[in-house]
Amino acid sequence: DAGVTQSPTHLIKTRGQHVTLRCSPISGHKSVSWYQQVLGQGPQFIFQYYEKEERGRGNFPDRFSARQFPNYSSELNVNALLLGDSALYLCASSLSSTASTDTQYFGPGTRLTVL
Amino acid sequence: KNEVEQSPQNLTAQEGEFITINCSYSVGISALHWLQQHPGGGIVSLFMLSSGKKKHGRLIATINIQEKHSSLHITASHPRDSAVYICAVNSNSGYALNFGKGTSLLVTP
Numbered sequence: 531d532a533g534v535t536q537s538p539t540h541l542i543k544t545r546g547q548h549v550t551l552r553c554s555p556i557s558g559h560k561s562v563s564w565y566q567q568v569l570g571q572g573p574q575f576i577f578q579y580y581e582k583e584e585r586g587r588g589n590f591p592d593r594f595s596a597r598q599f600p601n602y603s604s605e606l607n608v609n610a611l612l613l614g615d616s617a618l619y620l621c622a623s624s625l626s627s628t629a630s631t632d633t634q635y636f637g638p639g640t641r642l643t644v645l
Numbered sequence: 002k003n004e005v006e007q008s009p010q011n012l013t014a015q016e017g018e019f020i021t022i023n024c025s026y027s028v029g030i031s032a033l034h035w036l037q038q039h040p041g042g043g044i045v046s047l048f049m050l051s052s053g054k055k056k057h058g059r060l061i062a063t064i065n066i067q068e069k070h071s072s073l074h075i076t077a078s079h080p081r082d083s084a085v086y087i088c089a090v091n092s093n094s095g096y097a098l099n100f101g102k103g104t105s106l107l108v109t110p
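These protein sequences, in sequence, are chains G and B.
Taking my numbering, the leading residue of the first sequence gets 531, the next gets one more, and so forth.
Taking my numbering, the leading residue of the second sequence gets 2, the next gets one more, and so forth.
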C-alpha cells in the first residue's frame with residue numbers, strides 16, 4: 531500500500547501570494563492532520579480533519595484554512611503569504627478521530643519558501 | 002499547552018555506544034510519541050506509549066507517568082541511527098500533538 535503522499539514537494543512563492551498544498555492519506559485512514567515545521571523547531575499543529583469535519587485547530591491565523599474531501603484527501607490553503615510562513619508542511623494520517631492517541635503516518639512534506 | 006522539553010539538544014556518539022534521549026512534559030497526558038526525522042524531512046513514528054516500556058529491535062522507550070518523563074534508548078548504535086529524534090505528547094483536546102524541538106543524533110563510525 532502507498533504511504534501518505536503530499537504535493538508539491540517544493541514550492542517557491544512571493545509575499546502576498548496564495549498557496550494550496552495537497553495530501554493523500556493511507557488507504558482506509560479517515561483522519562488527516564497538518565503540521566508546520568520551521569527550521570530547527572519541532573512541528574506545530576495546524577489542523578485535524580476527520581470524516582470531512584474539522585476536529586481541531588492550532589494557534590494559526592485565519593489566513594490558514596483546510597478542507598477534507600469525500601475520498602479523505604485534504605488541502606491546506608494559506609493566503610497572503612508572509613516570509614514567516616516559510617517552513618516544511620507535514621501531513622499525517624491516522625485511523626481514528628483522536629489522532630493524538632493513534633499512530634500517525636507522516637508524508638514526506640512540502641517545503642514552502644516565501645520570498 | 003503541554004510544554005515538552007527534550008535533552009540533550011545535540012548528541013554525538015561513536016558506533017556501538019548506548020544512547021539515551023530524554024523527554025519531560027508539564028501536564029498529564031494519555032499518550033506520548035517518539036518519532037524519527039531524517040534529513041529531508043520524512044518523519045517515522047517509532048513508538049506510542051502510555052505506560053511502562055516498549056521495545057522494537059535496538060530501540061527501547063520507557064515512560065514514567067508520575068514523573069512526567071520518558072526516555073528513548075538506542076543500544077549498539079549505528080551510523081544509520083543518525084537522525085533527529087522527536088518526542089510528542091497529546092494535548093488536552095485529544096486532537097493535537099505538542100512536539101519537542103528534537104534531539105539531533107550523530108553516530109560516527
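For every residue, glycine included, the Cβ atom is placed at its ideal position computed from N, Cα and C.
Notebook entry, point to check: Who does Leu620(G) pair with in a DSSP beta bridge?
Noted result: Tyr565(G)
Checklist line | Minimum length 3: unbroken beta strand (DSSP E) runs contained in the region 546 to 595 of chain G | finding: 549 to 554, 561 to 567, 574 to 580 and 583 to 587
Check: Would you report the Cα separation of Glu603(G) and Glu18(B), rounded to the nearest angstrom?
Finding: For the record, residue 603(G) in the displayed sequence is Ser; it is not Glu. So the two alpha carbons sit approximately 42 Å from each other.
Check: Residue range of the beta strand (DSSP E) that Arg641(G) falls in?
Finding: Thr640 to Val644
Checklist line | Beta-carbon spacing of Ile542(G), Leu645(G) below 8 Å | finding: yes
Check: Taking all protein chains shown into account, do 16 or more other C-beta atoms lie within 10 angstroms of the C-beta of Ser557(G), making it buried, or fewer, making it exposed?
Finding: exposed
Notebook entry, point to check: Does the ligand SAM have even one heavy atom less than 7 Å from the beta-carbon of Gln634(G)?
Noted result: Of ligands this structure carries none, so the ligand SAM is not represented either.
Check: Count the other CB atoms within 10 Å of the CB of His39(B); is the residue buried (16 or more) or exposed (fewer)?
Finding: exposed
Checklist line | Buried versus exposed call for Ala596(G) [16 or more other C-beta atoms within 10 Å across all chains shown] | finding: buried
Item checked: Short-range partners of chain G found in the region 11 to 33 of chain B, where Cβ spacing is below 7 Å -> Ser31 and Ala32
Next item on the list: Work out the CA separation of Leu47(B) and Gln98(B) for me, nearest whole Å.
Entry: A small correction: the amino acid at residue 98(B) is Leu; Gln does not occupy that position in the sequence shown. Using only the alpha carbons, I get a separation of about 15 Å.
Next item on the list: Could you confirm whether any beta carbon from chain G is found closer than 8 Å to the beta carbon of Gly43(B)?
Entry: yes
Check: How big is the Cα-Cα spacing for Leu50(B) and Pro80(B)?
Finding: 26 Å
Notebook entry, point to check: In the DSSP assignment, what are the bridge partners of Ala62(B)?
Noted result: Lys55(B) and Leu73(B)
Checklist line | chain G contact for Gly58(B) (CB, 8 Å cutoff) | finding: no
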